[in-house]
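Working notes for the structure below.
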Amino acid sequence: MFTAAGLLREARRQRDLPVEAVPEVCLLDPDGDIADHLVDHGLADWSTTWPCYHSRLLVTTIARRQVGVVPRAVGGPYAVLVAEQLFASGCRLLLSMTSAGQLAATRPPPYFVLVVRAIRDEGTSRHYLPTDVDAVLEPSLARRLVPLDPTRVEVQPGVSWTTDAPFRETRGAIDRHVADGVAAVEMEAASLYAFAAATGNPVVCFAHVTNQMAAVDNDFDKGEDHGVADALLVVGATLDALRERV
């Protein structure tokens, strides 16, 4: 009954905004570090026609493509709220680059994981997919992105655990996921992949593994400039690999 298109129509009416499409490629930036970097360096402009009540949209260029960036869309419910509205506004490919906690200790953080499957330990995804269906990266996208070559940044495919309650990650749950080889814990991928499967819209999720959940000192270090340069390399490589799709 309640659709993204309907909400956007009324938002445009209330704000006297024209109907203008967003870029065909958009990026969710839950931490906001990418958006902050783009603004601070004069590399992006805020959209004046994006009608979403709950977010702002930056427009920039990555890998020779115009890209819309929505910062600080944290958590599954907010991520799919924004995703629904982006695809209703002309988006044709949505990427997400979220910080994540390390589970399986393959190497010291920071590094990147292409999420190929997300464990659905939360509620949002259940409004899009039955509970017995996995939340996965769409197979045709996976075939193009595994392996991904962003030149100097390693990206490993892996499984993430999506949780809506980051301060309720118990030792027992963590141990079970580590034993199963789960790479990271984050807050959006299962919701976004369930949304993608239910609607047929292409979504690709990356986990930027940056921390060990504050269980060690000197945690949450993304590297130089909060890891933005490396994150943009990963985004650029993704766009190059999917250029024929979008």
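For the sequence shown, my numbering begins at 3 and goes up steadily by one. We put the CB at the ideal spot given by N, CA and C, even for glycine. Predicted model only: the values in this text are computed from it and were never measured.
#1: Could you check whether the region 125-138 touches the region 215-229, counting it as contact only if at least three pairs of C-beta atoms, one from each stretch, sit closer than 8 Å?
#2: According to DSSP, is E2 helix, strand or coil?
#3: I'd like to know whether the C-beta atoms of S101 and H210 end up nearer to each other than 8 Å.
#4: Per the DSSP calculation, N220 is bridged to which residue(s)?
#5: Jot down the residue ranges of each uninterrupted alpha helix (DSSP H) in the region 146-193, minimum 4 residues, whole runs only, in chain order.
#6: Roughly how many whole angstroms lie between the Cα atoms of Y113 and V148?
#7: Going by C-alpha to C-alpha distance, which of I176, A191 and E190 sits closest to V184?
#8: Locate the beta strand (DSSP E) running through Y113, then write down its first and last residues.
#9: Going by DSSP, name the residue or residues bridged to W48.
#10: If you drop the 5 nearest sequence neighbours on each side, which residues of the same chain put their C-beta closer than 6 Å to that of E298?
#11: Run through DSSP, which three-state label would Y126 get?
#12: In this structure, what does DSSP give as the bridge partners for Q104?
#13: Under the DSSP definition of a beta bridge, which residues are partnered with C54?
#14: Determine which residues share a DSSP beta bridge with R67 and list them.
#15: So what's S98 in DSSP terms, helix, strand or just coil?
#16: At the level of alpha carbons, what is the spacing between V115 and V236?
#17: Can you tell me whether Q104 is buried or exposed, with buried defined as 16 or more other CB within 10 angstroms of its CB?
#18: Should Y55 be labelled buried (16 or more other beta-carbon atoms within 10 Å of its own) or exposed?
#19: Buried or exposed: S193, going by 16 or more other Cβ atoms within 10 Å of its Cβ?
#20: With a threshold of 8 Å, are at least 3 pairs of Cβ atoms found where one atom belongs to the region 53-73 and the other to the region 153-165?
#21: How would you call D42, buried or exposed, if buried means at least 16 neighbouring beta carbons within 10 angstroms?
#22: DSSP three-state label for L88, please.
#23: Considering just the uninterrupted stretch of the alpha helix (DSSP H) at D42, what are its terminal residues?
#24: Secondary structure at A199, three-state DSSP: helix, strand or coil?
#25: Can you give the beta carbon distance from D47 to P73, rounded, assuming they're within the 8 Å contact cut?
Taking the definition as stated:
#1: With a cut-off of 8 Å on Cβ pairs, the region 125-138 is not in contact with the region 215-229, counting fewer than three such pairs.
#2: Any property of residue 2 remains undetermined from this structure, which presents the chain solely from 3 to 248.
#3: Taking C-beta atoms as the reference points, S101 and H210 count as a pair closer than 8 Å.
#4: Looking at the DSSP output, N220 bridges to nothing.
#5: 173-181
#6: 16 Å
#7: I176
#8: Y113 to D123
#9: L60
#10: Because the chain spans 3 through 248 in this model, residue 298 falls outside it and cannot be assessed.
#11: The amino acid at residue 126 is misidentified as Tyr; the sequence shows Thr. In this structure, T126 counts as helix in the three-state DSSP scheme.
#12: A186
#13: DSSP lists no partner for C54.
#14: I64
#15: strand
#16: 10 Å
#17: buried
#18: exposed
#19: Label assigned to S193: buried.
#20: no
#21: exposed
#22: helix
#23: Here the alpha helix (DSSP H) through D42 covers D35 to D42.
#24: helix
#25: D47 to P73, Cβ: 14 Å. No contact.
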